[in-house]
Amino acid sequence: MENATEEELAARLRAEVAVMEGAAAEGRYGVALEASGIAGGTIRRLREISPENATHIMAAAGLLHNRSHFLQRVGQVTASIDVAAESAALFRELVPADPAFYRPYLADALVRLGAAIEADGRVGEALEPIAEAVRTYRETIFDAPRHRTGLARTLVRFGEMLAEAGDVESATRAMSEAADLFRAAAEDGAVLYSPSKAGPIPVGWELLVDGPAYAVALRNLAVANSRAGRSGAAVNDAREAVEVQRRVAAARPSAELDLANVLVEHAQILNEAGYRIEARNSIEEAIAWYELAGQEGRLSWAYSVRDLIAEQ
Numbered sequence: 004m005e006n007a008t009e010e011e012l013a014a015r016l017r018a019e020v021a022v023m024e025g026a027a028a029e030g031r032y033g034v035a036l037e038a039s040g041i042a043g044g045t046i047r048r049l050r051e052i053s054p055e056n057a058t059h060i061m062a063a064a065g066l067l068h069n070r071s072h073f074l075q076r077v078g079q080v081t082a083s084i085d086v087a088a089e090s091a092a093l094f095r096e097l098v099p100a101d102p103a104f105y106r107p108y109l110a111d112a113l114v115r116l117g118a119a120i121e122a123d124g125r126v127g128e129a130l131e132p133i134a135e136a137v138r139t140y141r142e143t144i145f146d147a148p149r150h151r152t153g154l155a156r157t158l159v160r161f162g163e164m165l166a167e168a169g170d171v172e173s174a175t176r177a178m179s180e181a182a183d184l185f186r187a188a189a190e191d192g193a194v195l196y197s198p199s200k201a202g203p204i205p206v207g208w209e210l211l212v213d214g215p216a217y218a219v220a221l222r223n224l225a226v227a228n229s230r231a232g233r234s235g236a237a238v239n240d241a242r243e244a245v246e247v248q249r250r251v252a253a254a255r256p257s258a259e260l261d262l263a264n265v266l267v268e269h270a271q272i273l274n275e276a277g278y279r280i281e282a283r284n285s286i287e288e289a290i291a292w293y294e295l296a297g298q299e300g301r302l303s304w305a306y307s308v309r310d311l312i313a314e315q
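Residue numbers for the sequence shown follow the numbering used here, beginning at 4 and rising by one.
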């Protein structure tokens, strides 16, 4: 490697990253972590050859982002936090050169940092990087409105953390704004329901998918409205959540269980609002999905909801 040219190192990096991505796609995070370490060595050599090259800095930051995820997956949470912080620092370093381009990457790196801190049980501290990610995306969409779904996804994550921290009102506001952003983007055909690569980075940087976050925002709004006695709004949000989750499941069959979960929640909200027939149809569909997947535990939950509906 010492005598390899920059072009040869770049080709080697692509091969190493392919191994890492393949292992991660199969859920072999220990192997992916090891592969990320090998790729990291190649990136360090590239940066030694061309330290000011922004592509190499992005590669390093993106690889660290993925490495943080792998570390968390294998239970090395403290290391995951340190690596995520390093990734965010590198992207922060790049932002002044082209804010409109680099800010979305910084925002996603901050979300990863928040997720790592949350995994360590420090929800209060995790809110800080997520809040910064929200602010960063707001600055981004001022110049590049196409990133509104990035802001929406981040607001959903922010809302989940706020709810966990006990701030239900702020959490609901975040979810409501996210849902509005997703709706506007969906009207333009700009909502992604399957994974997509972002940017010219020679590492495995996979954007969060819009569809699942959209469904989460709607599900949480439905629950909040139901608890507040706003049954009409709750039913509308729950129906919309089902339709969004159907699109996600159509794009990614692995999301069919999530669709079943949404259908159960949908049935509960419909039942509470007095829509008995629609509630029964929703729970029966959920049961069919659970049976198909052999989900005995989930089936028990669905059966209990069906019994509750039948009693009324």
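Every residue gets a Cβ at the ideal spot worked out from N, C-alpha and C, and that includes glycine. Since the model is a prediction, treat every value here as computed from it, not as a measurement.
**Prompt:** For the alpha helix (DSSP H) that contains S179, what are its first and last residues?
**Reply:** 171 to 190
**Prompt:** Are the CB atoms of I84 and V114 nearer to each other than 8 Å?
**Reply:** no
**Asked** Since A270 and A244 are thought to touch, with beta carbons under 8 Å apart, how far apart are those beta carbons, to the nearest angstrom?
**Response** Contact doesn't hold; Cβ gap of about 12 Å is too wide.
**Item:** W292: CB within 7 Å of a non-hydrogen atom of the ligand GTP
**Value:** As far as ligands go, the structure on display features none, and thus does not contain the ligand GTP.
**Request:** Look at the Cβ atom of R222, then the Cβ atom of E268, and state whether they are nearer than 8 Å.
**Result:** yes
**Prompt:** Are at least three pairs of beta-carbons, each pair with one atom in the segment 160 to 170 and one in the segment 127 to 142, less than 8 Å apart?
**Reply:** yes
**Message:** I'd like to check one pair, F94 with L109: are the Cβ atoms closer than 8 Å?
**Reply:** yes
**Request:** Taking Y32 as part of the alpha helix (DSSP H), name the residues at either end of that continuous run.
**Result:** 32 to 52
**Prompt:** Nearest to A305 by alpha carbon, out of E29, Y293, V212, Y32?
**Reply:** Y293
**Request:** Flag this pair as yes or no: are the beta carbons of P99 and T143 separated by less than 8 Å?
**Result:** no
**Item:** Extent of the continuous alpha helix (DSSP H) run through R222
**Value:** 213 to 230
**Item:** L66 vs S39 beta-carbon contact at 8 Å
**Value:** yes
**Start-to-end residues for the alpha helix (DSSP H) that takes in Q75** = 57 to 76
**Prompt:** Looking at D123 and T152, is the spacing between their C-beta atoms short of 8 Å?
**Reply:** no
**Item:** Alpha carbon of A231 to alpha carbon of E275, nearest angstrom
**Value:** 12 Å
**Message:** Suppose the cutoff is 7 Å on Cβ atoms and the five residues either side in sequence are ignored; what does the same chain contact list for E89 look like?
**Reply:** L67
**Minimum C-alpha distance to A174 - residue among F185, A91, R186, T157** = T157
**Message:** Please report the straight-line C-alpha distance between D2 and Q248, rounded to a whole angstrom.
**Reply:** Nothing in the structure corresponds to residue 2, since the chain is present only between 4 and 315.
**Asked** Which whole-angstrom value is the C-beta distance of Y196 and V171, which I expect to be below 8 Å?
**Response** Between V171 and Y196 the Cβ distance is about 29 Å, and since that is not below 8 Å, they are no contact.
**Buried versus exposed call for D261 [16 or more other C-beta atoms within 10 Å across all chains shown]** = buried
**C-alpha distance - E42 paired with A21, whole-angstrom precision** = One detail in the question is off: residue 42 reads as Ala in this sequence, not Glu. Near 10 Å, if we compare the C-alpha coordinates of A21 and A42.
**Request:** Using only alpha-carbon positions, find the residue among A168, G169, A166, A155 that is nearest to A182.
**Result:** A155
**Asked** Where do the ends of the alpha helix (DSSP H) carrying R309 lie?
**Response** 299 to 313
**Asked** Nearest CA to the CA of Y32: which residue from G169, N69, S53?
**Response** N69
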